[in-house]
Structures are given as C-alpha cells and as structure tokens.
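Residue numbers (full-length UniProt numbering): 1 to 177.
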C-alpha cells in the first residue's frame, strides 16, 4: 500500500502536465468554448428597458445578420467597448442589447451619456436569460445569422483588434460571404 501512495504524486503531476499541455495547444487558448455555436439562439426572456422597442424572440428571427450584446452600466469593459458598438451600429449592423443585472435608471443613464447603439433592448434582471445563453460575464457578444443561429460567441470587450480579427469575419460568415 505504501508503494502505491508513493506513486500517486508523480502520476497526478503527469496527468496535470498533460492537461496543461493539451490546453496550450488549442487554436485560441483565450477563447471560451460555446456549445451553442451553430445552434438556434435560446429564447429571449427580458423585461422592458426604456421606451424603445423591446428585444424579443421575433427580433432574432428577422432577416439579416445581427449582434446580441450583454452589457451593464457597472461594467468598466462595457464602457470601453461602447465606441466599437456605436461604430458597428453606424455601419448598419443591428445590435440587440441585453442589460445584465443592472438598475434601470443606471442603465438608461449609461446610454444617455454614451449613446444608444441598440436597435432594441431589454433587461435581464435575474440573469436567467444569460444562463440559458451560456454567458460567463459582461460584456459578451453573439453574432447571429438571418435564421437565428449563433455563429460566434465573443467574451470580453470588443476592441478595434477583436472587431477586425474576430467580429467582422464572423459577420461575413453569418451573411454567407
């Protein structure tokens, strides 16, 4: 029995080393996998936020490529990505906003200060919809094709680099280009 216990630490170490090595060989080691890629987007379950059009399931089924962006006023990276979202909206990309676990007055104040890039939006007060979508944290953005399928899940703020290297190619893929 003592010999078996003496072998346990090197075997455990070798197993961990193998797992780390395999993890480092992934194509995008910083990317977070999504089981929803290629599947229909989950249901939209939001409360009204502001006076604009509500974000609903029907919004996802409308023709054309679109983004779904999870954000919050208390999220510093959301503030940092806001100019990229605004630029995409100005280019004609439809962006649906999901305000995550935020106070409505704070969320609306955030948009009043920085501008509103969202075609429509709603509030996920409980975080239930975010769980269904597999959201790890805000900001998080999904590229959705014209049939309502998820083409890409992007975790983290959209920067100019990620916009050009990741988001724009996914938009082109979703459009069939």
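Cβ atoms here follow ideal geometry from the backbone N, Cα and C, with glycine treated the same way. Owing to the predicted nature of the structure, the values given are computational and were not obtained by experimental measurement.
| query | result |
| --- | --- |
| Leaving aside the five residues before and after residue 8 along the sequence, list all residues of the same chain whose C-beta is less than 6 Å from its C-beta, in chain order. | none |
| I need the DSSP call for residue 105, collapsed to helix, strand or coil. | helix |
| My output table needs one value for residue 164: the three-state DSSP class, helix, strand or coil. | helix |
| Write down the C-beta distance between residue 78 and residue 117 rounded to the nearest angstrom, noting that I regard them as a contact closer than 8 Å. | So it is not a contact: roughly 12 Å between Cβ atoms. |
| Assess, as a yes-or-no matter, whether the stretch 78–97 is touched by the stretch 117–127 under the definition of 3 or more beta carbon pairs within less than 8 Å. | yes |
| Quick test of your reading: residue 111 and residue 143, contact by CB under 8 Å. State the CB separation rounded to the nearest angstrom. | So it is not a contact: roughly 22 Å between Cβ atoms. |
| What does DSSP give as the partner residue(s) for residue 97 in the beta ladder? | 69 and 121 |
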